[in-house]
Amino acid sequence: MTMLDMRVEAATIAPIETMTMAAALNRALADAMAADDSVLVFGEDVGALGGVFRVTDGLTARFGETRCFDTPLAESGIVGTAIGMAMNGMRPVVEMQFDAFAYPAFEQVVSHAAKLGNRTRGAVRVPIVIRVPFGGGIGGVEHHCDSSEAYYAHTAGLTVVCPSTPQDAYSLLRAAIAHPDPVVFLEPKKLYWGKGEVDVTRTTSIGRATVARQGTDVTLISYGTSVGIALDAAAVAESEGRSVQVVDVRTLTPCDDETIFAAVRTTGRAVIVAEASGFASVASELAARVGEHCFQYLAAPVRRVTGFDVPFAPPKLERYFLPDVDRVLDAIDSLNWEDA
Amino acid sequence: MTMLDMRVEAATIAPIETMTMAAALNRALADAMAADDSVLVFGEDVGALGGVFRVTDGLTARFGETRCFDTPLAESGIVGTAIGMAMNGMRPVVEMQFDAFAYPAFEQVVSHAAKLGNRTRGAVRVPIVIRVPFGGGIGGVEHHCDSSEAYYAHTAGLTVVCPSTPQDAYSLLRAAIAHPDPVVFLEPKKLYWGKGEVDVTRTTSIGRATVARQGTDVTLISYGTSVGIALDAAAVAESEGRSVQVVDVRTLTPCDDETIFAAVRTTGRAVIVAEASGFASVASELAARVGEHCFQYLAAPVRRVTGFDVPFAPPKLERYFLPDVDRVLDAIDSLNWEDA
Amino acid sequence: MTAIAETLLPREQPVSLLDADGVVHADDAYERPDDEALLGAYRALVTGRRVNDQCYALVRQGRLAVYPSSHGQEACQVAASLVLSDQDWLFPTYRDSVAVMTRGVSPAEALVLLRGDWHSGYDPQRYRVAPQATPLATQLLHAVGVAHAAKLRGEPTVVMALCGDGATSEGDFHEALNFAAVFRVPVVFLVQNNEFAISVPLSRQTAAASLAHKAIGYGIRGQRVDGNDVAAVLSVVGDAVDRARAGEGPSLIEAHTYRMQAHTNADDDTRYRGRDEVAAWVARDPLVRVRTHLQAVGLLDEELDAEIADAAEETAAQLRAAMNTEVEPDPEDLFRYVFAERPPHLERQWQQLRDELERNEGIER
Amino acid sequence: MTAIAETLLPREQPVSLLDADGVVHADDAYERPDDEALLGAYRALVTGRRVNDQCYALVRQGRLAVYPSSHGQEACQVAASLVLSDQDWLFPTYRDSVAVMTRGVSPAEALVLLRGDWHSGYDPQRYRVAPQATPLATQLLHAVGVAHAAKLRGEPTVVMALCGDGATSEGDFHEALNFAAVFRVPVVFLVQNNEFAISVPLSRQTAAASLAHKAIGYGIRGQRVDGNDVAAVLSVVGDAVDRARAGEGPSLIEAHTYRMQAHTNADDDTRYRGRDEVAAWVARDPLVRVRTHLQAVGLLDEELDAEIADAAEETAAQLRAAMNTEVEPDPEDLFRYVFAERPPHLERQWQQLRDELERNEGIER
Ligand SMILES: Cc1ncc(C[n+]2csc(CCOP(=O)(O)OP(=O)(O)O)c2C)c(N)n1
Ligand SMILES: Cc1ncc(C[n+]2csc(CCOP(=O)(O)OP(=O)(O)O)c2C)c(N)n1
Ligand SMILES: [Mg+2]
Ligand SMILES: [Mg+2]
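Residue numbers (full-length UniProt numbering), protein chains in the order written: chain Y, 1 to 340; chain C, 1 to 340; chain B, 1 to 365; chain H, 1 to 365.
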């Protein structure tokens with residue numbers, strides 16, 4: 001038994017522990033692999049290196065080369081062979097190294113992973129998890145910071161998940177691996193090293209949003225990195241006398257309308273906060289849905305605080321691109337308070 | 001000179017003629033190639049065969065193998081080499097044979113065509129046109145009927161155009177070819193054989209919506225095949241005493257907010273009609289935008305009539321999937337008329 | 001010449017065991033399949049041809065939406081399936097309906113896609129036949145994944161992955177061969193080089209000496225075979241299957257054949273190829289060739305041939321019957337299979353559609 | 001063996017002209033470049049090495065965001081550029097900054113990407129150097145397109161397209177080589193096989209005898225060269241450029257070299273390779289080898305070597321100066337270049353940002 005094994009095994013004894021999101025994801029993978037032999041992990045640099053973000057650290061050492069391994073450098077190949085593996089009884093969890101490097105796999109994701117279950121009247125389901133480290137805020141150069149969720153969320157047949165805390169990272173990844181259908185699992189890179197308590201016995205269902213903060217005047221709806229911005233904005237707004245509710249969507253699709261609409265109906269005002277370029281995005285969908293289904297409750301238009309409709313910024317300019325607390329506060333300020 | 005040349009040349013003498021959309025597109029390509037040596041056409045089966053929809057019919061015969069030619073069967077290769085051609089002075093117009101067969105080119109479209117101009121501070125622009133026959137209503141089997149516009153419209157750096165008449169097909173394709181930046185040109189397959197008058201001297205600007213029908217009670221906003229459905233619905237609604245305005249968006253991005261908002265502000269009610277699955281789609285964007293910017297004018301929530309959030313239907317079921325007049329009328333009926 | 005190149009380079013000429021007149025020629029490496037195998041292949045060929053021609057007719061009668069015929073390619077079609085055991089998998093394309101049926105899928109199930117009832121009509125797990133793939137070369141990766149999973153579990157499964165000459169130009173072809181080679185998984189890639197990708201001739205797909213030469217770039221065995229010689233195809237592909245099963249890794253086989261009809265009924269092949277070119281291939285008909293041989297060696301007399309033709313006719317009759325039975329499509333199917341469990345939003349969308357349909361029924365009936 | 005295979009198969013051993021001690025060995029097909037070329041290459045090598053090491057230091061000082069060093073691969077870097085004429089194009093990757101600078105791009109311009117000021121810092125049209133590509137293998141297709149356009153216009157342009165061993169596994173690599181071969185366009189694909197793709201060794205990228213063997217699958221010439229022997233790289237790559245210019249079509253060249261440092265500063269290569277493996281390559285240092293040779297044949301004395309070192313030092317000093325000059329990024333740039341003409345929505349978004357900034361200025365200053 002290597003040092004690493006000991007660490008992992010010792011860790012599973014204490015159910016609650018403080019850890020980074022990267023560690024929580026690593027734990028989720030290890031626990032899922034330990035629980036089910038058909039769970040495999042593969043991709044680029046996930047073996048000896050443990051992934052460029054170390055999310056697969058130690059898995060090859062613990063579970064062997066057949067359970068966690070490096071592939072040739074080809075994303076379509078990774079997703080395409082994962083689909084075949086799933087057709088033949090495996091539950092592959094594959095890593096796309098960065099958001100923009102998942103695009104070569106787009107065809108396999110959209111035309112096969114998303115549609116094979118439907119195509120075969122359910123005779124073939126595709127229980128794969130495609131992990132995509134995504135988003136900016138880490139000073140990454142071009143192609144390393146895309147928020148690509150809209151491409152997946154728009155695609156019928158995909159389930160798209162995005163945690164904002166280590167606990168959700170753990171619980172949602174376990175749920176995603178257990179899920180019978182393909183899941184695109186978006187990991188906000190900026191949150192990898194943020195810490196939080198993780199109770200490995202806690203389960204979470206895919207498809208449920210959560211109210212991350214209670215509030216009565218306005219509802220901020222967001223996911224991933226933006227949840228933290230929304231929470232920070234809420235704290236500032238509170239000091240200015242406004243009670244701000246924050247919803248963490250967690251599953252982008254299927255969308256938890258119930259929780260979201262209930263939240264907005266209590267406050268009558270909503271701002272969507274998401275880092276991706278806004279046009280035809282998940283934020284658009286959330287705004288359109290809320291606008292349609294909460295119409296008679298709304299005291300003000302649904303605002304969106306999103307990335308601009310430009311390619312992601314180079315490192316030195318990313319702070320201008322990314323939604324921040326001020327931008328959220330501006331949006332809140334614009335919500336027809338004079339009528340309140 | 002072959003028979004074909006004579007036909008094409010004779011045709012260019014009469015500026016106004018009735019023709020199908022496929023013929024209008026063919027004429028636009030021929031006229032653009034005649035006007036500018038750097039315009040090239042390539043893709044799968046565009047040469048001798050003239051394209052599976054005959055949109056490139058006769059171009060090789062008239063302009064030679066170097067101007068219109070077949071490539072190896074590889075969509076990423078087609079778009080990728082087109083980008084290189086554009087870097088070196090050409091204006092390639094490439095054909096993706098069907099909507100879903102453009103997905104292998106996604107990486108090239110999103111990471112390069114859309115971003116190269118920005119990446120190089122404008123030193124390299126990418127004047128390519130990617131023609132995508134798209135959408136359903138033709139009884140096509142799987143992968144032949146996707147409405148893939150959201151993927152492109154969400155991508156900053158792309159200009160996405162979609163005609164609904166032969167005239168616009170001609171004028172917009174000419175504009176797209178003349179455009180300095182990459183254009184995804186969506187051709188509604190169902191409309192290929194529909195006829196209309198085409199004046200080849202008429203120019204149209206990218207980025208401008210048009211009011212396809214005047215009306216005062218409600219605004220239908222749509223594009224491509226859905227414009228015809230909206231117009232039909234408007235005619236029926238009129239017979240039921242409702243005056244329905246129809247906006248043909250024509251350019252999905254950049255979005256002509258001015259025309260769209262002005263239209264909705266006059267009626268106070270809006271329904272978006274589009275065939276693509278609704279979630280995180282162009283319809284979501286239109287709904288979100290209208291909801292945000294016309295809020296105080298709206299007497300009812302902005303409704304969407306879109307494809308369901310399922311993979312496109314097989315031929316025998318497509319009539320259930322596709323938006324139709326009844327569904328649009330239902331949406332109109334739901335717009336809080338009791339308050340009117 | 002490197003040692004590796006020596007073992008991996010395909011033949012200069014495609015392997016052929018029966019000449020156009022059905023005469024056997026000896027080959028160092030490949031044996032003519034035994035009588036039973038050859039007769040079985042002939043049966044399947046006759047049925048395959050009949051199915052192709054029946055389907056073509058059904059399209060004209062409007063009973064099928066579209067049919068990409070493998071007329072002329074039936075030797076490849078039947079061999080691809082006949083060399084497989086029960087535990088093996090077949091990964092076919094849209095053109096490989098005959099291969100699919102040869103593997104035991106009923107015509108009614110196999111033609112669901114092309115009739116337009118649904119995207120695929122058989123249970124892939126039951127027959128170990130993947131859905132017929134439309135996006136070119138994409139299924140080759142699934143085939144590799146299936147084989148890889150089997151290898152990891154130590155199962156003796158071999159996977160037969162089919163594609164056309166055009167599909168070899170796609171990036172997924174490359175990635176599939178490379179993954180298969182690197183992980184040394186039991187896949188046989190069988191390329192039916194029928195000279196065309198719709199209208200585009202082979203010369204626009206490759207400048208290589210042959211498609212089988214691509215194998216060397218992956219470090220796997222490549223071989224060429226006369227795709228209209230069912231004995232040769234059985235032998236060469238069967239050998240590759242045996243090697244794969246024995247743990248010797250994947251192979252790439254190029255079968256030289258010809259698409260005798262247009263790409264599909266929607267295609268007009270007079271636009272891109274001369275009639276004499278097509279006519280020249282008639283003389284190489286795979287069915288006639290093996291029939292001549294079987295007759296010459298006394299394995300096939302008129303009586304048996306009539307019996308085989310009758311059996312094929314019976315299949316065609318079943319096929320017609322199945323295609324003439326209208327299946328009432330159920331709109332709820334649109335929502336049933338997208339996910340294992342129907343999420344609330346799809347339930348709501350189905351309710352909306354159901355309400356519409358009920359209202360219409362009220363109006364129309 | 002087929003005639004085609006004979007002309008197209010690469011050598012069993014990489015072409016090498018200078019051994020590790022700098023002694024020339026004769027080769028049937030490739031000549032040692034002339035004195036001037038070799039001395040020029042040495043100059044570029046010394047500068048390249050200095051640039052690599054300077055950049056490495058700048059990362060540690062926080063002046064560069066990231067640097068993928070080509071330390072150890074400089075012979076490939078300089079040769080790729082030196083064999084080109086003015087009208088030719090270079091398509092580099094993120095690791096090829098030295099090749100970019102060798103082609104005349106100033107360090108300040110070349111390092112804009114890695115400093116994080118913008119996505120690329122030079123005018124590709126001016127230098128005929130494409131932006132350094134990050135998504136692997138994608139740029140190879142652009143290279144083919146540039147060459148194809150030149151060919152259509154009858155221009156004598158040759159395009160040098162660079163990639164790594166890992167990139168050869170991508171579908172775009174396949175499509176690029178195939179398009180180049182089918183259209184016979186003047187591209188030289190130079191693969192720097194440095195044994196690793198980040199942590200993944202070559203054995204996970206291919207099971208082929210060599211990466212150059214892939215050429216035969218496209219019907220183009222493949223060749224292998226010792227990538228740490230600048231004389232050999234110049235000669236082999238130069239020959240391929242000459243052939244391309246003469247209309248003989250594309251080539252694939254695999255240069256065997258080694259990445260002496262971690263993938264980037266963010267990487268920890270002790271996780272996936274032993275120190276002795278790295279140490280073994282020190283003896284094959286491309287710079288030392290050619291220096292030994294030039295000294296042995298009397299082309300390089302101490303004085304000249306000092307002068308060359310000084311010139312490299314001067315470049316390093318410029319580089320440091322450029323990197324130490326803070327460029328104030330202009331937020332409006334985010335909206336300036338997305339389209340040739342700024343559309344209304346981007347103007348509105350910029351106005352929003354400008355308003356924010358103005359308000360903040362009001363608050364902060
Ligand atoms: C990715 C993709 N691109 C384009 C098409 C459209 N298409 C269907 S069949 C075909 C030609 C295929 O040729 P080949 O691979 O030789 O197979 P064959 O039809 O000859 O059996 C094309 C271009 C497709 N199905 N998939
Ligand atoms: C399409 C794509 N996938 C993944 C990556 C992430 N990535 C950057 S460099 C690298 C390894 C590349 O190896 P190789 O091609 O051998 O080049 P080298 O770094 O050795 O020069 C990877 C996987 C990428 N840049 N692009
Ligand atoms: Mg073919
Ligand atoms: Mg490498």
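We put the CB at the ideal spot given by N, CA and C, even for glycine.
For residue j and residue i, the rounded distance between their alpha carbons
i: D330 (chain C); j: A283 (chain C); result: 17 angstroms
i: G104 (chain B); j: Y127 (chain B); result: 7 angstroms
i: G140 (chain C); j: G47 (chain C); result: 23 angstroms
i: L64 (chain H); j: E347 (chain H); result: 31 angstroms
i: V185 (chain H); j: A149 (chain H); result: 9 angstroms
i: E44 (chain C); j: G50 (chain C); result: 10 angstroms
i: A313 (chain Y); j: H112 (chain C); result: 15 angstroms
i: R291 (chain B); j: L300 (chain B); result: 8 angstroms
i: H263 (chain B); j: Q351 (chain H); result: 55 angstroms
i: E356 (chain B); j: R303 (chain Y); result: 33 angstroms
i: I220 (chain B); j: L177 (chain B); result: 9 angstroms
i: Q167 (chain C); j: G194 (chain C); result: 11 angstroms
i: L190 (chain H); j: S69 (chain H); result: 18 angstroms
i: S243 (chain Y); j: T266 (chain Y); result: 12 angstroms
i: M6 (chain Y); j: M21 (chain Y); result: In this predicted model, M6 (chain Y) has a pLDDT of only 40, less than 50, meaning its place in the structure is not dependable enough to derive any value.
Cutoff 6 angstroms; reference residue i; Cβ partners in own chain excluding five residues on either side
i: R269 (chain C); result: V218, A299, A300 and L335
Contact belief for residue i with residue j at Cβ below 8 angstroms, rounded distance in angstroms
i: G222 (chain H); j: L8 (chain H); result: 6 angstroms
i: Y15 (chain H); j: R224 (chain H); result: According to the sequence provided, residue 15 (chain H) is Val. The question's Tyr does not apply to it. Contact holds; Cβ gap of about 7 angstroms.
i: residue 345 (chain Y); j: E197 (chain Y); result: Lying before the first or after the last residue shown, residue 345 (chain Y) is absent from chain Y, which here runs from 1 to 340.
i: E254 (chain H); j: L211 (chain H); result: 4 angstroms
Nonlocal neighbours in the same chain, by C-beta distance under 8 angstroms from residue i, ignoring five residues either side
i: V247 (chain C); result: A209, T210, V211, A212, T219, L220, I221, S222, T259, I260 and A263
i: D88 (chain B); result: R128, T157, V158, V159, M160 and V241
Cβ shell of residue i (< 7 angstroms), same chain only, five flanking positions each side left out
i: R354 (chain H); result: none
i: W281 (chain H); result: G72, Y258 and M260
i: L231 (chain Y); result: A212, R213 and V246
i: S81 (chain B); result: L90, A99, T102 and R103
Worksheet item: Do the stretch 272-287 of chain Y and the stretch 298-307 of chain H meet, that is, are 3 or more Cβ pairs less than 8 angstroms apart?
Response: No: the two stretches stay apart, fewer than three of their Cβ pairs being nearer than 8 angstroms.
Discussion item. Can you confirm whether the stretch 49-61 of chain B touches the stretch 314-322 of chain B when touching is taken to mean that 3 or more C-beta pairs between the two stretches lie within less than 8 angstroms?
Written reply: Judged by Cβ distances under 8 angstroms, the stretch 314-322 of chain B makes contact with the stretch 49-61 of chain B, as three or more pairs qualify.
Worksheet item: Of the residues that make up the stretch 296-309 of chain Y, which ones have a beta carbon closer than 9 angstroms to any beta carbon in chain C?
Response: Listed in sequence order: Q296, L298, A300, P301, V302, R303, R304, G307, F308 and D309.
Practice prompt. Return the residues of the stretch 140-157 of chain C that lie within a Cβ-Cβ distance of less than 9 angstroms from chain B, sorted by chain order.
Written response: For the stretch 140-157 of chain C, residues whose beta-carbon sits nearer than 9 angstroms to a beta-carbon of chain B comprise G140, V141, E142, H143 and H144.
Worksheet item: Are the stretch 117-125 of chain C and the stretch 167-176 of chain C touching, with three or more C-beta to C-beta distances below 8 angstroms?
Response: The stretch 117-125 of chain C, when compared against the stretch 167-176 of chain C, does not touch it at the 8 angstroms Cβ threshold.
Worksheet item: Is it a yes or a no for the stretch 55-66 of chain C touching the stretch 236-243 of chain C, going by three-plus beta-carbon pairs under 8 angstroms?
Response: With fewer than three CB-CB distances shorter than 8 angstroms, the stretch 55-66 of chain C does not count as touching the stretch 236-243 of chain C.
Item to complete: Give the residues from the stretch 179-191 of chain B that approach chain H closer than 8 angstroms (Cβ to any Cβ), ordered along the chain.
Response: Going along the stretch 179-191 of chain B in chain order, one finds A181, V182 and R184 with a Cβ nearer than 8 angstroms to chain H.
Worksheet item: Does the count of Cβ pairs from the stretch 81-98 of chain C and the stretch 125-137 of chain C closer than 8 angstroms reach three?
Response: Flag = yes, the stretch 81-98 of chain C and the stretch 125-137 of chain C touch.
Worksheet item: What residues in the stretch 159-182 of chain C have a beta carbon less than 7 angstroms from any beta carbon of chain H?
Response: Of all residues in the stretch 159-182 of chain C, only P180 and D181 come within less than 7 angstroms of chain H when Cβ atoms are compared, listed by chain position.
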